[in-house]
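Numbering-wise, the sequence shown is residues 49 to 502 according to our numbering. Note that the Cβ used here is the ideal one computed from N, Cα and C, for glycine as well.
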Amino acid sequence: MRGMISLSTFSQAQVSLQLWEEGSNLRKILLNRYFKGDHGSSIGSPVSSSYGKTAQGGGSFSGQDSDKSGVSMHDIQCLLDKEGASELVTDVIVSTKNDRIFSEAILLGIALLEGGNTQIQYSFYQQLNEHKKSEKFFKVLYDRMKTAQQEIRSTVTVNTVDLGTKKKDEDNDVSVSLPNKRVRDSNLHLKEGMKGQLTEASTATSKAYCLYRREMDPEIDLMSSGTDATNAEEKSSEEITMSPTIVIMQPILRFLQLLCENHNRELQNFLRNQNNKTNYNLVCETLQFLDCICGSTTGGLGLLGLYINEKNVALVNQTLESLTEYCQGPCHENQSCIATHESNGIDIIIALILNDINPLGKYCMDLVLQLKNNASKLLLAIMESRHDSENAERILFNMRPRELVDVMKNAYNQGLESDHEDESGDDGISPKDVGHNIYILAHQMLMVGSRCCS
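1) How far does the alpha helix (DSSP H) with residue 298 in it extend, from its first residue to its last?
2) On the three-state DSSP scale, how would you describe residue 206?
3) Counting Cβ pairs closer than 8 Å, one from the region 429-443 and one from the region 363-375, do we hit at least three?
4) If we ignore side chains and look at the alpha-carbon of each, how far apart do residue 378 and residue 365 end up?
5) Cα separation between residue 319 and residue 368?
6) Have a look at 140, 434, 485 and flag the residue whose alpha-carbon is nearest the alpha-carbon of residue 381.
7) Restricting to Cα atoms, I'd like to know which of 179, 384, 338, 404 is closest to residue 197.
8) With DSSP collapsed to three states, give me the class of residue 158.
9) Just how far apart, CA to CA, sit residue 391 and residue 316?
10) For residue 147, I'd like the list of residues in its chain whose CB is within less than 8 Å of its CB, leaving aside the five on either flank, ordered along the chain.
11) Have a look at residue 481 and residue 397 and give me their C-alpha separation to the nearest angstrom.
12) At which residue ranges does the region 428-463 contain complete alpha helix (DSSP H) runs of 4 or more residues, listed in the order of the chain?
13) Note down the Cα distance separating residue 492 from residue 454, rounded to an integer number of angstroms.
14) Is it buried or exposed, residue 341, if we count other Cβ atoms within 10 angstroms and call 16 or more buried?
15) Suppose the cutoff is 8 Å on Cβ atoms and the five residues either side in sequence are ignored; what does the same chain contact list for residue 185 look like?
16) Mapping the DSSP letters down to three states, classify residue 173 as helix, strand or coil.
17) Return the CA-CA distance between residue 158 and residue 383, expressed in angstroms with no decimal places.
18) Let me check understanding here. Comparing Cα to Cα, which of 136, 162, 120, 182 lies closest to residue 322?
19) Is DSSP giving residue 412 helix, strand or coil here?
20) Output needed for residue 168: all residues of its chain with C-beta closer than 8 Å, excluding positions within five of it in sequence on either side, in chain order.
21) State buried or exposed for residue 123, treating a residue as buried only when at least 16 other CB atoms are found within 10 Å of its CB.
22) Let me know the secondary structure DSSP gives residue 180 once reduced to three states.
23) Unbroken beta strand (DSSP E) runs of length 3 or more, entirely within the region 314-352: which are they?
24) For residue 441 versus residue 496, is the C-beta distance shorter than 8 Å?
25) Could you tell me if residue 407 is buried or exposed, where buried requires 16 or more neighbouring beta carbons within 10 angstroms of its beta carbon?
26) Could you give the distance in angstroms between the alpha-carbon of residue 79 and the alpha-carbon of residue 336?
27) In terms of alpha-carbon separation, which member of 329, 355, 74 lies closest to residue 119?
28) At the level of alpha carbons, what is the spacing between residue 207 and residue 422?
29) Applying the 10 Å Cβ sphere with the 16-neighbour rule, what's the burial state of residue 360?
30) Less than 7 Å between C-beta atoms, sequence neighbours within five positions excluded: which residues of the same chain meet that for residue 187?
31) Exposed or buried, what is residue 149 when buried is set at 16 or more other beta-carbons lying within 10 Å of its beta-carbon?
32) Do you know how far the Cα of residue 464 is from the Cα of residue 356?
33) Can you say whether residue 445 is buried or exposed, counting buried as having 16 or more other CB atoms within 10 angstroms of its CB?
34) State buried or exposed for residue 171, treating a residue as buried only when at least 16 other CB atoms are found within 10 Å of its CB.
35) So residue 397 is in the alpha helix (DSSP H); what residue range does that whole segment cover?
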């Protein structure tokens, strides 16, 4: 065993030395060209010939993504793939038990696929399909999704239970201090569902208030005294920090999105069905993850603001973008898979468009607009280029047209206000763009409704 480790270490040292020497040669060439401006002096060198090829197609990077020798991001991705990078990513994801190594492998896969590199997509498909690695590969991702959902559910349950216990203690204190009022109100009973919603609303309010205090006066915690203040701060910090098992979902979903980029039909279908003895439907699992992180498994859809906050809104957006990429092209099978799934996925997507998402919307309206924009794009992708109206009818059945019009008008009015307040503009999403997408969605719904009536 020691001999194998020594040999492995020696091999790695040789590779590192070789790469360091090649990197040094490349740096010398680039520095020489940069300072002397002699772009043709070292063209004949082996390193220059390796790095100086231009993209033969499919590369969409230019300008800042290219250096002075004409090397594009597409070239670098293809060169790494030729040296076995995609195979490395696949093997590490399948075999590693280390979370840090797994995360780095996913990030390397994202870097290889960035920009919609079709050659890298084909390489991954070849590794998974022709080399028979797909069953283990998709099982790893499927298990990660399941673990993240379990973590989200357990976290929500714990928070609700803790708050419920505190509420009981407060009720007991009130009953001791105000016995007469307790007797008069003894006939008032809340339904279990209403109790749960009020409990969750109290949790969200507490979170928002803690965040607001911290933003307005960072030193306010130093002024507080007593163990109760310390415990409250510790609990709020735990609530707003996501577990690593949940955090890793964002790069995983980005990786899956890039696999399907440019409407790659083979990989879109492959995420749903691998034709193995055991298939792992990552399309449905992504939808269930959205269902879980938005909290529909615990109550009504009108309480999205309790679950979507500044810490996890980027993850929700990534989930919506991945689901959209699964469908676009269109991929009719994935469209139907999402539209007809037994979860509350479609209801969640509609609720993201129609409902206010507070308290997030109070201080980060741009994040809420991005959510609504991505949700409307996903609904349009589910209905895209269909010969039947089944998916559209399902969406229309769960949608309230009057509220859709109100959301569209509000987005337009916000756009007018932002134009008056800030004419310089920024990289954030425009409220008018959101309203425009919702208008297209409303127009599609109108057409479907007219056909149904006729």
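Short version:
1) Mapped onto the sequence shown, residue 298 falls at position 250. Boundaries of the alpha helix (DSSP H) harbouring residue 298: 297-307, taken from the DSSP string.
2) Against the sequence shown, residue 206 aligns to sequence position 158. With a pLDDT of only 45 at residue 206, under 50, the local geometry of the prediction cannot be trusted, and no value is derived from it.
3) With the cut-off at 8 Å, the region 429-443 and the region 363-375 touch.
4) Walking along the sequence shown from the start, residue 378 turns up at place 330. Walking along the sequence shown from the start, residue 365 turns up at place 317. Between residue 378 and residue 365, the C-alpha separation is close to 21 Å.
5) Stepping through the sequence shown from its first residue, residue 319 is reached at position 271. Stepping through the sequence shown from its first residue, residue 368 is reached at position 320. Counting only the Cα atoms, residue 368 lies some 16 Å from residue 319.
6) On the sequence shown, position 333 is the one that residue 381 refers to. Taking each of 140, 434, 485 in turn and checking the Cα distance to residue 381, the smallest one comes out for 434.
7) Taking the sequence shown and counting its residues from 1, one reaches residue 197 at position 149. Just measuring C-alpha positions, the residue of 179, 384, 338, 404 sitting nearest residue 197 is 338.
8) Taking the first residue of the sequence shown as position 1, residue 158 is located at position 110. For residue 158, the secondary structure class from DSSP, reduced to helix, strand or coil, is helix.
9) As a first step, residue 391 must be located in the sequence shown, where it is residue number 343. As a first step, residue 316 must be located in the sequence shown, where it is residue number 268. Looking at the two C-alpha atoms, the distance is approximately 21 Å.
10) Along the sequence shown, one-based indexing puts residue 147 at 99. Correct list, in chain order: 292, 296.
11) The count along the sequence shown starts at 1 and reaches residue 481 at position 433. The count along the sequence shown starts at 1 and reaches residue 397 at position 349. The alpha-carbon atoms of residue 481 and residue 397 are separated by roughly 18 Å.
12) Contiguous alpha helix (DSSP H) elements confined to the region 428-463 occur at 438-445, taking only those with 4 or more residues.
13) Counted from its first residue, the sequence shown places residue 492 at position 444. Counted from its first residue, the sequence shown places residue 454 at position 406. Whole-angstrom Cα-Cα distance: 16 Å.
14) Mapped onto the sequence shown, residue 341 falls at position 293. Flag for residue 341 reads buried.
15) Numbered from 1 along the sequence shown, position 137 holds the residue referred to as residue 185. In its chain, beyond the 5 residues on either side, 138, 141, 142, 176 have a beta carbon closer than 8 Å to the beta carbon of residue 185.
16) Working through the sequence shown from its first residue, we reach residue 173 at position 125. It is helical.
17) Here residue 158 refers to the residue found at position 110 when the sequence shown is read from its first residue. Here residue 383 refers to the residue found at position 335 when the sequence shown is read from its first residue. Their Cα atoms are separated by approximately 24 Å.
18) On the sequence shown, residue 322 is found 274 positions in, with the first residue counted as 1. The candidate whose alpha carbon is nearest that of residue 322 is 182.
19) Taking the sequence shown and counting its residues from 1, one reaches residue 412 at position 364. Three-state DSSP puts residue 412 in coil, outside helix and strand.
20) As a working mapping, residue 168 is identified with position 120 in the sequence shown. Short of 8 Å from the beta carbon of residue 168, and not among the five residues preceding or following it, lie these beta carbons of its own chain, in chain order: 125, 126, 129, 134, 160, 161.
21) In the sequence shown, residue 123 corresponds to position 75, counting from 1. By the neighbour-count rule (16 or more Cβ atoms within 10 Å), residue 123 is buried.
22) Against the sequence shown, residue 180 aligns to sequence position 132. Residue 180: coil per DSSP, three-state reduction.
23) The qualifying runs do not exist here; there are none.
24) Within the sequence shown, the letter at position 393 stands for residue 441. Within the sequence shown, the letter at position 448 stands for residue 496. Their beta carbons are under 8 Å apart, which means residue 441 touches residue 496 by this criterion.
25) Numbered from its first residue, the sequence shown carries residue 407 at position 359. Flag for residue 407 reads buried.
26) Residue mapping note: residue 79 aligns to position 31 of the sequence shown, counting from 1. Residue mapping note: residue 336 aligns to position 288 of the sequence shown, counting from 1. Whole-angstrom Cα-Cα distance: 52 Å.
27) The sequence position of residue 119 within the sequence shown is 71, counting from 1. Comparing alpha carbon positions, the residue from 329, 355, 74 closest to residue 119 is 74.
28) What you label residue 207 is simply residue 159 of the sequence shown in a count that begins at 1. What you label residue 422 is simply residue 374 of the sequence shown in a count that begins at 1. Confidence at residue 207 is low in this model, with a pLDDT of 45, below 50, so the placement of that residue should be treated as unreliable; the coordinate-derived value is given next. Going by the C-alpha atoms only, they are around 29 Å apart.
29) Numbered from its first residue, the sequence shown carries residue 360 at position 312. Result: buried.
30) Here the question's residue 187 lines up with position 139 in the sequence shown. A distance below 7 Å between beta-carbons, with the five flanking residues on each side excluded, links residue 187 to the following residues of its chain, in chain order: 328.
31) Counting from 1 along the sequence shown, the entry for residue 149 is found at position 101. So residue 149 counts as exposed.
32) Sequence index remark: in the sequence shown, residue 356 carries index 308 (1-based). Sequence index remark: in the sequence shown, residue 464 carries index 416 (1-based). Going from the Cα of residue 356 to the Cα of residue 464 covers about 26 Å.
33) Working through the sequence shown from its first residue, we reach residue 445 at position 397. So residue 445 counts as exposed.
34) Here residue 171 corresponds to residue number 123 of the sequence shown, with the count starting at 1. Per the 10 Å Cβ criterion, buried.
35) For the purposes of this step, residue 397 is taken as residue 349 along the sequence shown, with counting starting at 1. Segment 393-402, the alpha helix (DSSP H) holding residue 397.
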